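Protein chains in written order, with my numbering: chain L, 231 to 591; chain Y, 231 to 591. Each residue gets a CB set at the ideal place from its N, CA and C atoms; glycine is no exception. These numbers come from a predicted model, not from an experiment.
Protein chains: 2
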Amino acid sequence: MARVINFNPGPATLPVEALERAQRELLELGDTGASVIEHSHRGKAYEAVHNEAISLVRELLGVSNDYDVLLMQGGASAQFAMVPMNLLKQGQSADYIITGSWSKKAFGEAQIVGTARVAATTEKDKKFPRIPKQADLELDPKAAYVHITSNNTIAGTQWQQFPNVGSVPLIADMSSDIMWRPIDISKFGLVYAGAQKNIGPSGITVVIIRKDLVEAGRDDIPKIFRYTTHAAANSLSNTPPTFPIYLLRNVLDVTKQLGGLAAAEKRNRDKAKLVYDAIAARPDFYRSPVEADSRSMMNVVFNLPTPELEAEFVAEGLKAGMMGLKGHRSVGGIRASIYNACPRAWVETLVAFMKDFHKGS
Amino acid sequence: MARVINFNPGPATLPVEALERAQRELLELGDTGASVIEHSHRGKAYEAVHNEAISLVRELLGVSNDYDVLLMQGGASAQFAMVPMNLLKQGQSADYIITGSWSKKAFGEAQIVGTARVAATTEKDKKFPRIPKQADLELDPKAAYVHITSNNTIAGTQWQQFPNVGSVPLIADMSSDIMWRPIDISKFGLVYAGAQKNIGPSGITVVIIRKDLVEAGRDDIPKIFRYTTHAAANSLSNTPPTFPIYLLRNVLDVTKQLGGLAAAEKRNRDKAKLVYDAIAARPDFYRSPVEADSRSMMNVVFNLPTPELEAEFVAEGLKAGMMGLKGHRSVGGIRASIYNACPRAWVETLVAFMKDFHKGS
Numbered sequence: 231m232a233r234v235i236n237f238n239p240g241p242a243t244l245p246v247e248a249l250e251r252a253q254r255e256l257l258e259l260g261d262t263g264a265s266v267i268e269h270s271h272r273g274k275a276y277e278a279v280h281n282e283a284i285s286l287v288r289e290l291l292g293v294s295n296d297y298d299v300l301l302m303q304g305g306a307s308a309q310f311a312m313v314p315m316n317l318l319k320q321g322q323s324a325d326y327i328i329t330g331s332w333s334k335k336a337f338g339e340a341q342i343v344g345t346a347r348v349a350a351t352t353e354k355d356k357k358f359p360r361i362p363k364q365a366d367l368e369l370d371p372k373a374a375y376v377h378i379t380s381n382n383t384i385a386g387t388q389w390q391q392f393p394n395v396g397s398v399p400l401i402a403d404m405s406s407d408i409m410w411r412p413i414d415i416s417k418f419g420l421v422y423a424g425a426q427k428n429i430g431p432s433g434i435t436v437v438i439i440r441k442d443l444v445e446a447g448r449d450d451i452p453k454i455f456r457y458t459t460h461a462a463a464n465s466l467s468n469t470p471p472t473f474p475i476y477l478l479r480n481v482l483d484v485t486k487q488l489g490g491l492a493a494a495e496k497r498n499r500d501k502a503k504l505v506y507d508a509i510a511a512r513p514d515f516y517r518s519p520v521e522a523d524s525r526s527m528m529n530v531v532f533n534l535p536t537p538e539l540e541a542e543f544v545a546e547g548l549k550a551g552m553m554g555l556k557g558h559r560s561v562g563g564i565r566a567s568i569y570n571a572c573p574r575a576w577v578e579t580l581v582a583f584m585k586d587f588h589k590g591s
Numbered sequence: 231m232a233r234v235i236n237f238n239p240g241p242a243t244l245p246v247e248a249l250e251r252a253q254r255e256l257l258e259l260g261d262t263g264a265s266v267i268e269h270s271h272r273g274k275a276y277e278a279v280h281n282e283a284i285s286l287v288r289e290l291l292g293v294s295n296d297y298d299v300l301l302m303q304g305g306a307s308a309q310f311a312m313v314p315m316n317l318l319k320q321g322q323s324a325d326y327i328i329t330g331s332w333s334k335k336a337f338g339e340a341q342i343v344g345t346a347r348v349a350a351t352t353e354k355d356k357k358f359p360r361i362p363k364q365a366d367l368e369l370d371p372k373a374a375y376v377h378i379t380s381n382n383t384i385a386g387t388q389w390q391q392f393p394n395v396g397s398v399p400l401i402a403d404m405s406s407d408i409m410w411r412p413i414d415i416s417k418f419g420l421v422y423a424g425a426q427k428n429i430g431p432s433g434i435t436v437v438i439i440r441k442d443l444v445e446a447g448r449d450d451i452p453k454i455f456r457y458t459t460h461a462a463a464n465s466l467s468n469t470p471p472t473f474p475i476y477l478l479r480n481v482l483d484v485t486k487q488l489g490g491l492a493a494a495e496k497r498n499r500d501k502a503k504l505v506y507d508a509i510a511a512r513p514d515f516y517r518s519p520v521e522a523d524s525r526s527m528m529n530v531v532f533n534l535p536t537p538e539l540e541a542e543f544v545a546e547g548l549k550a551g552m553m554g555l556k557g558h559r560s561v562g563g564i565r566a567s568i569y570n571a572c573p574r575a576w577v578e579t580l581v582a583f584m585k586d587f588h589k590g591s
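So, in structure tokens, the structure goes:
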């Protein structure tokens with residue numbers, strides 16, 4: 231088996247130990263005589279996995295008992311709709327801070343469900359080169375909530391410091407950077423994340439929500455889309471996606487074994503610095519379109535002098551064993567997604583390649 | 231590795247060949263250098279799997295081009311809500327035929343979303359011993375649709391002949407019996423099924439919907455919950471649950487190799503007959519609570535003379551290597567779920583055990 235260097239933006243590379251464990255156990259979980267996929271979601275064998283996944287989310291992020299941790303289906307896209315369906319009542323308005331196409335999509339769903347306004351946007355010539363500063367925010371103190379996207383995979387930007395939104399609940403889509411470092415969950419009303427970048431496979435979404443917000447949720451929407459339904463049933467109201475949750479558990483277990491989120495932050499900052507330094511060292515050739523204090527530690531985007539050189543960079547990179555370096559089709563350029571599971575060695579290979587490619591051009 | 235005899239009602243046993251293939255390929259799909267779980271949903275490697283899964287659904291069920299085949303998240307429970315959200319407009323009413331707790335749940339969500347009525351129910355003393363006959367149905371000829379549950383896992387009943395609903399679209403939740411036999415899809419407006427009984431793991435839902443119903447769907451609901459969104463994007467509007475879809479593909483491929491749905495029906499009828507005959511052979515000891523022409527070929531439920539004997543049957547069965555024989559907590563008794571992937575040999579073991587247990591009591 232050969233494993234390529236995988237810079238995919240998501241679904242992304244996973245810790246090989248988590249996959250190897252899944253492979254070993256695929257036909258029989260423990261000594262139960264059946265695959266985790268074949269176990270009842272109401273049986274002891276699966277429930278242990280389910281509860282361990284939730285406990286690991288709590289432990290790694292330091293989630294207090296004031297919050298529920300829910301395991302849901304539908305990805306961040308379903309949360310774009312469920313957040314306003316549950317938390318945006320008639321007569322209320324919600325604030326959205328727009329830093330890229332994912333925030334725009336979330337805002338779009340909120341506008342369909344109720345009243346939503348833009349509290350800030352950093353859009354400029356169809357791009358989003360930065361995260362807004364506190365002074366840029368025009369916040370409604372009566373808003374039902376303020377919604378942000380913590381990391382923008384396409385623009386390559388990331389909130390380094392979260393905004394101060396007073397007593398209004400702060401809601402963050404952390405799909406592309408959850409658990410990249412320790413954060414203070416108590417500053418948030420709700421955090422959600424599709425797992426497929428930092429913490430698991432696609433098909434499972436983690437929702438961390440303050441219990442008072444669960445309770446305050448609207449009850450005129452379908453039961454399956456109410457947070458109360460899933461919170462009351464420990465996310466077992468209907469059959470959960472058992473294998474994705476199992477693999478989430480495996481990945482979080484590896485994260486814990488590697489020293490938790492403080493250690494993850496060190497590794498991630500170190501990896502990102504390698505690439506950003508490689509860009510800065512050749513300013514005539516590589517250029518970051520992102521303002522310095524808004525740069526993402528997860529998705530490093532950069533440009534070469536021409537689109538033709540960028541295409542050649544991607545093609546030569548692939549020949550050199552590196553997958554997923556093409557920037558998003560809406561913005562072009564190069565993108566290296568270096569999530570938690572991306573090893574330092576892969577980044578070193580990329581940086582050496584950047585040096586050689588520059589020399590050869 | 232020892233595999234137990236697994237009569238779980240769902241998630242249920244899967245063809246061992248489908249799991250072994252997944253195990254072999256778990257760290258590397260083909261010669262791509264990455265797990266299917268780590269591939270981009272927009273890349274060629276995953277797209278081939280995705281499209282093969284959809285093609286196999288079309289081929290096995292004979293789905294014409296008048297229908298879209300969608301791969302979605304959220305299970306049948308999400309469809310309970312999405313069906314009326316999309317297809318039940320203001321001023322319209324939908325008909326629900328109630329044959330168990332799953333139809334009741336679907337009806338409950340429809341009542342939240344709009345106006346729904348009961349066209350028939352077979353509830354009797356909190357149980358559902360039969361499927362209604364055509365003469366029992368009080369259908370509204372102007373209904374937006376008629377909703378049925380094709381197989382009832384708890385009651386152990388199954389529609390052997392589908393109802394005649396005239397020109398009103400017939401919608402069926404086939405979660406627990408899709409692909410147990412060939413059916414004429416053209417009789418339905420929409421068929422949906424959580425995969426975790428007959429066709430795959432939990433976390434993936436197949437929706438087969440007539441294109442005119444897709445197009446007629448409401449556009450005042452969140453985009454992520456519109457059938458139009460998923461149909462227009464070949465179910466790639468947002469990141470799909472890639473591993474569950476991959477495993478669905480593996481299972482459907484096995485179904486095809488084994489002769490398709492005509493062969494599956496033969497095997498399923500043969501297995502079910504073994505158990506029903508074993509019940510009928512000892513009428514003083516085993517008793518089916520289900521009327522003869524309503525009996526399920528997927529979930530065979532039966533009672534023993536006392537709850538104590540039933541508990542002993544389950545416990546002794548487990549010692550004999552048979553998992554999942556306990557009836558649903560709401561009705562008690564015994565339940566053997568013998569879906570497509572349950573081998574005849576397991577049913578033979580059960581039938582021999584039934585004989586011995588009767589003798590020993």
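- The alpha-carbon of Ala-502(L) is positioned some 12 Å away from that of Gly-386(L).
- If you look at Met-312(L), you'll find it in the alpha helix (DSSP H) that goes 305-317.
- Separation of the CB atoms of Tyr-569(Y) and Ala-242(Y) is rounded to 5 Å, and the pair is thereby assigned contact status at 8 Å.
- Residues of chain Y with a Cβ closer than 9 Å to the Cβ of Glu-578(L) do not exist, since the nearest Cβ in that chain sits about 18 Å away.
- Contact between the stretch 273-280 of chain L and the stretch 294-313 of chain Y is absent: fewer than three C-beta pairs spanning the two stretches fall below 8 Å.
- With 16 or more other CB atoms across the displayed protein chains lying within 10 angstroms of its CB, Glu-540(Y) is buried.
- The beta carbon of Trp-410(Y) lies closer than 7 Å to those of Asn-428, Ala-494, Glu-495, Asn-498, Met-527, Met-528 and Asn-570 in the same chain, with the five residues before and after it left out.
- Approximately 6 Å separates the beta-carbon atoms of Leu-317(L) and Tyr-375(L); this is inside 8 Å, confirming the contact.
- For the stretch 323-387 of chain Y, the continuous beta strand (DSSP E) assignments of 3+ residues that do not extend past its boundaries occur at 323-328, 345-351 and 376-379, in sequence order.
- Taking every protein chain shown into account, the CB of Ser-591(Y) has fewer than 16 other CB atoms within 10 angstroms, so this residue is exposed.
- Arg-233(L) has a beta carbon lying within less than 9 Å of a beta carbon in chain Y.
- At a cut-off of 9 Å between C-beta atoms, Gln-390(Y) does not count as an interface residue with respect to chain L.
- DSSP links Phe-532(L) through a beta bridge to Ile-564(L).
- Of the residues assessed, Asp-355(Y) falls on the exposed side of the cut-off, its CB having fewer than 16 other CB atoms within 10 angstroms.
- In the DSSP assignment, Ala-402(L) falls within the beta strand (DSSP E) that extends over 400-403.
- For Ile-439(Y), the enclosing beta strand (DSSP E) has its first and last residue at 435-440.
- Collapsing the DSSP output to three states places Arg-479(Y) in a helix.
- Interface annotation, Ser-307(L): in contact with chain Y, CB-CB separation under 9 Å.
- Between Val-481(L) and Leu-244(L) a beta carbon distance of about 6 Å is seen, short of the 8 Å cut, so the two are scored as contacting.
- One Cα belongs to His-377(L), the other to Gln-253(Y), and the distance between them is close to 40 Å.
- About 4 Å separates the Cβ atoms of Leu-491(Y) and Pro-412(Y), confirming a contact at the 8 Å cut-off.
- A residue is called buried when at least 16 other Cβ atoms come within 10 angstroms of its Cβ; Asn-382(L) meets this threshold and is buried.
- Around Gly-240(Y), the beta-carbon contacts reaching into chain L at under 8 Å are Ser-270 and Thr-469.
- Chain L has a Cβ within less than 9 Å of the Cβ of Phe-310(Y).
- Pairing Glu-353(L) with Pro-362(L), the inter-Cα distance amounts to about 10 Å.
- C-alpha of Tyr-476(L) to C-alpha of Val-484(L): approximately 13 Å in a straight line.
- Secondary structure note for Val-421(Y): its beta strand (DSSP E) is the uninterrupted segment 420-424.
- What Pro-431(Y) touches in chain L, judged by beta-carbon distance under 8 Å, is Ile-267, Pro-471, Thr-472 and Phe-473, going in chain order.
- In this structure Ser-265(Y) touches Leu-249(L) by the C-beta definition: roughly 6 Å separates them, less than 8 Å.
- In this structure the stretch 325-343 of chain L lies against the stretch 450-457 of chain Y, because at least three pairs of beta carbons, one per stretch, are closer than 8 Å.
- Per DSSP, reduced to three states, the secondary structure at Val-505(L) is helical.
- Note that the C-beta distance between Ile-384(L) and Ala-350(L) is not below 9 Å.
- Measuring C-alpha to C-alpha distances from His-269(Y) to each of Pro-513(L), Pro-359(L), Val-287(L) and Gly-554(L) identifies Gly-554(L) as the nearest.
- The DSSP-derived three-state label of Arg-254(L) is helix.
- Closest by C-alpha distance to Arg-288(L), out of Ile-408(L), Val-444(L) and Val-313(L), is Ile-408(L).
- Around the beta-carbon of Asp-500(L), fewer than 16 other beta-carbon atoms lie within 10 Å, marking it exposed.
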